[in-house]
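Just below is one structure, and these are the notes that go with it.
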Amino acid sequence: MKYKVAFVCVHNSCRSQMAEGWAKKLGGDIFEVYSAGTEKYPEVKPLAVQVMEEVGVDMSEHKPKLISDIPEVLDILITMGCNVTCPFVPNKHKEDWGLVDPSGGSIDDFRKTRDVIKRKVEELIERVKNGELLLN
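Add 3 to the 1-based position in the sequence shown for our numbering, that's all there is to it.
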């Protein structure tokens, strides 16, 4: 069984896209992965795509999506720390990762964010595999 996980932020143009990329690469065996934003945005940030490509995660075809584009019911909902209230999406587990948006910063800011997200995705995978989240 795969758990439906969604990563949500405001524009779905950077942090949530990176989290989607990592979760698909590292947790594709246990997750059905989505990401979305609460507001429309024209593109995924080019530096986000570039820094993920540096570590072998291809996001070149990723496009920003809205909450309405993902499943109506999720197992896990992760917000990225956007200081906005997300529309209610039914879920079994929700957490906020409180990540600073690197947009407007240097490529090193994007790399730091990428690496923090990777670690958080790895931790999430371990917690799911160890049965630490009440998902059933």
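By construction, the Cβ of each residue, glycine as well, lies at the ideal position given by its N, Cα and C atoms.
As the structure is a prediction and not an experimental result, all values here were calculated from the model.
From the listed residues E57, V36 and D104, the smallest Cα separation to K68 is found for V36. Under the criterion of beta carbons closer than 8 angstroms, I81 and F10 qualify as touching, at roughly 5 angstroms.
Distance from the CA atom of V47 to the CA atom of D104, rounded to whole angstroms, is 13 angstroms. When the beta-carbon positions are compared, I73 and V60 stay at least 9 angstroms from each other. Straight across, the Cα-Cα distance linking R117 with L102 is about 10 angstroms. With 16 or more other CB atoms across the displayed protein chains lying within 10 angstroms of its CB, N15 is buried.
A Cβ-Cβ contact shorter than 9 angstroms links A51 with C17. Burial check for G108: the Cβ neighbour count within 10 Å stays below 16, so the residue is exposed.
G134 counts as exposed, since fewer than 16 other beta carbons sit within 10 angstroms of its beta carbon.
Secondary structure within the stretch 39-118: the alpha helix (DSSP H) runs of 4 or more consecutive residues, fully enclosed, are 49-56 (chain order). The beta carbon of K95 lies closer than 6 angstroms to those of D78 and L138 in the same chain, with the five residues before and after it left out.
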